[in-house]
Amino acid sequence: MKLDEFFVTGDPLILGSQIAIGLTMVGLVVLITYLKKWKWLWNEWFTTVDHKKIGIMYIIAGVLMFFRGGVDGLMMKAQTSRPNMEFLDAQHYDEVFTTHGVVMILFMAMPLLIGIINVVMPLQIGARDVAFPKLNALSFWTFFVGAMLFNISFVIGGSPDAGWTSYFPLAGSEFSPDVGNNYYAIALQIAGVGTLASGINFIVTILKMRAPGMKLMKMPMFSWTTLVTSVLIVAAFPIFTVALALMTLDRIFGAHFFTVAGGGDPMLWLNLFWLWGHPEVYIVVLPAFGMFSEVIATFSRKNLFGYTAMVVSIVAIAFLSMLVWVHHFYTMGNSAAVNSVFSITTMMIAIPTGVKIFNWLFTMRKGRIKFTNAMLWALAFIPNFTIGGVTGVMLAMAAADYQYHNTLFLVAHFHYTLIPGVVFAVFAGLYYWWPKMFGFKLNEKIGKWHFWLFVIGFNLTFMPMFFVGLDGMSRRMYTYSESTGWGPLLGISAVGSLVLAAGFAALVYNIYWSFRYASRDIGGDPWDARTLEWATASPVQEYNFAITPQVTDHDEFWLMKKQGRNTIKKEDVKDIHMPSNSAIPIILSVAMGIVGFFLVFEWVTLAAIFSVLIIGGLIANSFDYDDGYHIPAKKVWETEQKWRGDL
Amino acid sequence: MASQTSTPLEYSTKQNEMNILGFWIFLGAEIVLFSTLFATYFVLEQSYAGGPTQSDLFILKDVLIETFLLLTSSFTMGLAIHQMRGNNKNAMLFWTVATLLLGLGFLYYEINEFNHYIHEGLTLQTSAFGSAFLTLLGTHGVHVALGIGWVIALIIQVVRRGITAVTARKFFIVSLYWHFLDVVWIFIFTFVYLKGLM
Ligand code: HEM
Ligand SMILES: [Cu+2]
Numbered sequence: 005m006k007l008d009e010f011f012v013t014g015d016p017l018i019l020g021s022q023i024a025i026g027l028t029m030v031g032l033v034v035l036i037t038y039l040k041k042w043k044w045l046w047n048e049w050f051t052t053v054d055h056k057k058i059g060i061m062y063i064i065a066g067v068l069m070f071f072r073g074g075v076d077g078l079m080m081k082a083q084t085s086r087p088n089m090e091f092l093d094a095q096h097y098d099e100v101f102t103t104h105g106v107v108m109i110l111f112m113a114m115p116l117l118i119g120i121i122n123v124v125m126p127l128q129i130g131a132r133d134v135a136f137p138k139l140n141a142l143s144f145w146t147f148f149v150g151a152m153l154f155n156i157s158f159v160i161g162g163s164p165d166a167g168w169t170s171y172f173p174l175a176g177s178e179f180s181p182d183v184g185n186n187y188y189a190i191a192l193q194i195a196g197v198g199t200l201a202s203g204i205n206f207i208v209t210i211l212k213m214r215a216p217g218m219k220l221m222k223m224p225m226f227s228w229t230t231l232v233t234s235v236l237i238v239a240a241f242p243i244f245t246v247a248l249a250l251m252t253l254d255r256i257f258g259a260h261f262f263t264v265a266g267g268g269d270p271m272l273w274l275n276l277f278w279l280w281g282h283p284e285v286y287i288v289v290l291p292a293f294g295m296f297s298e299v300i301a302t303f304s305r306k307n308l309f310g311y312t313a314m315v316v317s318i319v320a321i322a323f324l325s326m327l328v329w330v331h332h333f334y335t336m337g338n339s340a341a342v343n344s345v346f347s348i349t350t351m352m353i354a355i356p357t358g359v360k361i362f363n364w365l366f367t368m369r370k371g372r373i374k375f376t377n378a379m380l381w382a383l384a385f386i387p388n389f390t391i392g393g394v395t396g397v398m399l400a401m402a403a404a405d406y407q408y409h410n411t412l413f414l415v416a417h418f419h420y421t422l423i424p425g426v427v428f429a430v431f432a433g434l435y436y437w438w439p440k441m442f443g444f445k446l447n448e449k450i451g452k453w454h455f456w457l458f459v460i461g462f463n464l465t466f467m468p469m470f471f472v473g474l475d476g477m478s479r480r481m482y483t484y485s486e487s488t489g490w491g492p493l494l495g496i497s498a499v500g501s502l503v504l505a506a507g508f509a510a511l512v513y514n515i516y517w518s519f520r521y522a523s524r525d526i527g528g529d530p531w532d533a534r535t536l537e538w539a540t541a542s543p544v545q546e547y548n549f550a551i552t553p554q555v556t557d558h559d560e561f562w563l564m565k566k567q568g569r570n571t572i573k574k575e576d577v578k579d580i581h582m583p584s585n586s587a588i589p590i591i592l593s594v595a596m597g598i599v600g601f602f603l604v605f606e607w608v609t610l611a612a613i614f615s616v617l618i619i620g621g622l623i624a625n626s627f628d629y630d631d632g633y634h635i636p637a638k639k640v641w642e643t644e645q646k647w648r649g650d651l
Numbered sequence: 064m065a066s067q068t069s070t071p072l073e074y075s076t077k078q079n080e081m082n083i084l085g086f087w088i089f090l091g092a093e094i095v096l097f098s099t100l101f102a103t104y105f106v107l108e109q110s111y112a113g114g115p116t117q118s119d120l121f122i123l124k125d126v127l128i129e130t131f132l133l134l135t136s137s138f139t140m141g142l143a144i145h146q147m148r149g150n151n152k153n154a155m156l157f158w159t160v161a162t163l164l165l166g167l168g169f170l171y172y173e174i175n176e177f178n179h180y181i182h183e184g185l186t187l188q189t190s191a192f193g194s195a196f197l198t199l200l201g202t203h204g205v206h207v208a209l210g211i212g213w214v215i216a217l218i219i220q221v222v223r224r225g226i227t228a229v230t231a232r233k234f235f236i237v238s239l240y241w242h243f244l245d246v247v248w249i250f251i252f253t254f255v256y257l258k259g260l261m
């Protein structure tokens, strides 16, 4: 392979980013070396097994990926802002919408949610950490390495260009001979390992590590959604694992699963993809529902309305989500009977979803609502998400879907579910739990800018898409002529995307501003909240709880405050066992990244040789008998005195 | 000590309990993984693209030997766990090594089987049937190979450290894994080989 094939060359946009990336990398390395921070980074972050720090790393990575995916989005909007634009060519546009979709779902939504789960869930159930802290670190690093591998595609070798759904035959080696789609198959595989591990980790944590007295039906709603999402992960991700492996075999080793030539079946890919893909959209939206539930209850100053109905509807949604995948290809040759069945199952999902919407509304009813930023996001979520749900039911009607399918109407639908559902939730969650993570609040005033710009920008960007979609514009079209008449609406949409981007910029500025100037004197419970994570310091002490709380009912922390139980006695404080840091997760993941990189370029021998590193890592792990260490009671007591003040 | 109570050693600590539960859930994921491979096979089992078919390829005798080896190894693994519960380190190691040898025997026959197929003109590239069949079989085989490596690592640990709560837990988990592979094999035997020969 020649060097100019290896590095993507020619396009000035890409050349510019290559130089920018190179300079940033060098700059970072120099900066860290200059500040002598390598050791600190390694010891405090890269090898950490602390769920709170791992969560924070997930969140940082997720925000960075949000930026990357956002730039992709802006580029698409610029290209379609006017008829016959010549900003991106067809190939480049294809790559951009592909990486946009993959990055946003797998490297933005997933890590932000898993990150917040990591920080919050163990605290919410009164646990010391997750069940398997080292595995948790492995989850993070495989995600991170997978994401990085995916991202270097656009400077080395070329990006995938067959859509985030990568349908065969287009994604096969016959029609996509470049390495781009290998990046898709392999980077997602590596990241998927971590997701599956997270799922298992969270399930065991929730089943086995809840504080005494916290029955499952007394667990905070966010932890409930985490549990159900984790079950969905375990049920759905292995399907994707197989689908990607088969894709790899087809592309690199000449197998014929999805290639018609050898008797393979492209529809098999579609089925496998959506058997994972549809549950996946609920994997990302359920924890988001959980966050809204916490935020709405806290800022309505009431307990959650219809707790049991909430739990039942989450479980129902999860169950139904595995029975609807065919709605993604009604138009691809199913019989009328099959389409009808899947139409009905799809529409049924709207029922438990509707139940949840009404529960949130009833929670607010007669509440003393505080319009904090977190609450604003929750309030905006309800109407916007409802638009997504209602258009979903329209799409669910198979006959009608022949008109809507693969138009911008569909694109608008899922952006109205994913952005209000997931992104608004992540924002709500960040504003809400930020003080728990960092010990200061984000500024509420700048937050209002962030909120209004983002929500208005979002609607300006995506609302027009419903109409051009109904007017027949297919998704993934990189250009159109004047005579279509779509110009004005798409122009508005493009302007909207700039407003959206300004909203994101306001968030970044808010983080910067608050980091520098916000008050650090906020106590453990700045929102007067209800659940156990607020019974800790802000930021949380490394051991979480000095004494495992005794749970009596829902909203335990609220009760503790009401009943004056929110205190500890010196004689109850014991030594606390902690797991040691470990370098194995990061090393193992980097080894996977190296092997993955060679596989992308189909250098199979090199990949095989370097697989020894992975095996070595596994063996090292098996022989690792490190049993952690203890924080002495005395030290725990001193820490508690410091933040509680009144002991 | 836990050995005086009725809880087996591998369940004696909270961490152990969690590890074992976690592994059960992992096996759940493995079931989904193999189910997907089976489904793929069922979709493609008749897509020969002019290449060899099941009846051209399968030799019942060899498959029966493999089945016998693997089923027996599951049994010896059970005996090893039994001895572990009785705290008989040497007997436990004996049965573990027996398991290992049977597993290696299985792999030996399976590699021969692969050679035979290549010889008969069936590779991953021949047809969709070839891809699906060899991938299903290969995935199981790779699992067995990994299991063998894993068991060796654990033998070393038991020799060095004896039967402790930690080694007992690890051993118990590897035994779950081993039995699971056995179950998968029974499905392969029934729904791939027997069905294919009918
Ligand atoms: C009331 C609930 C919902 C219903 C009835 C529904 C229905 C549908 C249908 C029928 C399609 C396929 C349309 C077509 O391809 O022509 C679809 C696509 C999609 N939906 Fe939904 N949906 C619902 C909620 C959601 C939620 C909550 C999410 C995500 C959080 C979501 C994300 C998506 C995505 C990502 C796609 C398209 C993916 C693609 O083709 O690239 N939907 N939905
Ligand atoms: Cu769907």
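Chains as they are written, first to last, in this note's numbering: chain B, 5 to 651; chain R, 64 to 261. Yeah, the Cβ is synthetic: ideal placement off N, Cα and C, and Gly gets one too. Remember, it's a predicted structure, so these values are computed and weren't measured experimentally.
Query	Result
Residues that TYR111/R contacts on chain B, provided the C-beta gap is smaller than 8 Å	GLY267
Interface partners of PHE192/R on chain B, CB under 8 Å	GLY267
Chain B contacts made by the stretch 80-98 of chain R, where a contact means CB separation under 8 Å	GLU80, MET81, ASN82, LEU84, GLY85, ILE88, PHE89, GLY91, ALA92, GLU93, VAL95 and LEU96
Simplified DSSP assignment, three categories, for THR116/R	coil
GLN83/B, buried or exposed, once every other Cβ within 10 Å from all chains shown has been counted against 16	buried
Collapsed DSSP secondary structure at PHE11/B in the structure displayed	strand
Buried or exposed by the 16-neighbour rule on C-beta atoms within 10 Å, applied to THR367/B	buried
Extent of the continuous beta strand (DSSP E) to which MET582/B belongs	580-582
Contact test: VAL397/B Cβ vs ligand 2 heavy atom, cutoff 7 Å	no
Rounded straight-line distance, which links the Cα of VAL149/B to that of GLY600/B	10 Å
Option nearest LEU2/B by Cα separation, candidates LEU239/R, PHE196/R and GLY212/R	Outside the displayed range of chain B (5 to 651) lies residue 2/B, so it cannot be described from this structure.
CB contact below 8 Å: THR135/R versus chain B	no
Whole-Å CB distance - ALA24/B paired with MET81/R, under 8 Å assumed	That pair is no contact at about 45 Å.
Contacts of LEU110/B in chain C (Cβ-Cβ under 9 Å)	Looking for chain C here will not work: the only protein chains present are B and R.
Closest residue to SER202/B among SER143/B, SER626/B, LYS56/B and TYR629/B (Cα-Cα distance)	SER143/B
Beta-carbon neighbours of ALA195/R, restricted to chain B and to distances below 8 Å	PHE261
Complete runs of the alpha helix (DSSP H) confined to the stretch 92-144 of chain B [at least 4 residues]	94-106 and 114-128
Buried versus exposed, by CB contacts within 10 Å (16 or more), ASP631/B	exposed
Chain-ordered neighbours of THR103/R on chain B, where CB pairs are closer than 8 Å	VAL246, LEU250, PHE261, LEU272 and LEU276
Cβ pair count under 8 Å reaching 3, the stretch 611-630 of chain B against the stretch 174-194 of chain B	no
Ligand 2 heavy atom lying under 7 Å from the CB of VAL330/B	no
Length-filtered (4 minimum) alpha helix (DSSP H) runs lying within the stretch 426-509 of chain B	428-442 and 448-474
Inter-residue Cα distance where the pair is LEU127/B and ALA541/B	11 Å
8 Å Cβ cutoff met for ASP557/B and LYS306/B	no
Residue span of the beta strand (DSSP E) that contains ILE635/B, given as start and end	633-635
Candidates GLN188/R, ASN79/R and VAL221/R: closest to PHE261/B by CA position	GLN188/R
Below-8 Å beta-carbon distance, LEU107/R vs any chain B residue	yes
Residue from ARG148/R, ILE181/R and PHE250/R with nearest C-alpha to THR227/R	ARG148/R
Supposed contact pair PHE172/B and TRP273/B - C-beta distance, whole angstroms, cut 8 Å	5 Å
Within-8 Å CB hit, THR70/R to chain B	no
Cutoff 8 Å: PRO468/B Cβ touching any chain R Cβ	no
Cα-Cα separation between ASP165/B and VAL330/B, rounded to whole angstroms	24 Å
Beta-carbon proximity of THR102/B to GLY167/B, cut-off 8 Å	yes
Distance cut-off 7 Å: HIS417/B Cβ against heavy atoms of ligand 2	no
Check: ASP254/B C-beta below 7 Å from any heavy atom of ligand 1	no
Cβ neighbour criterion (16 or more within 10 Å) applied to PHE519/B	exposed
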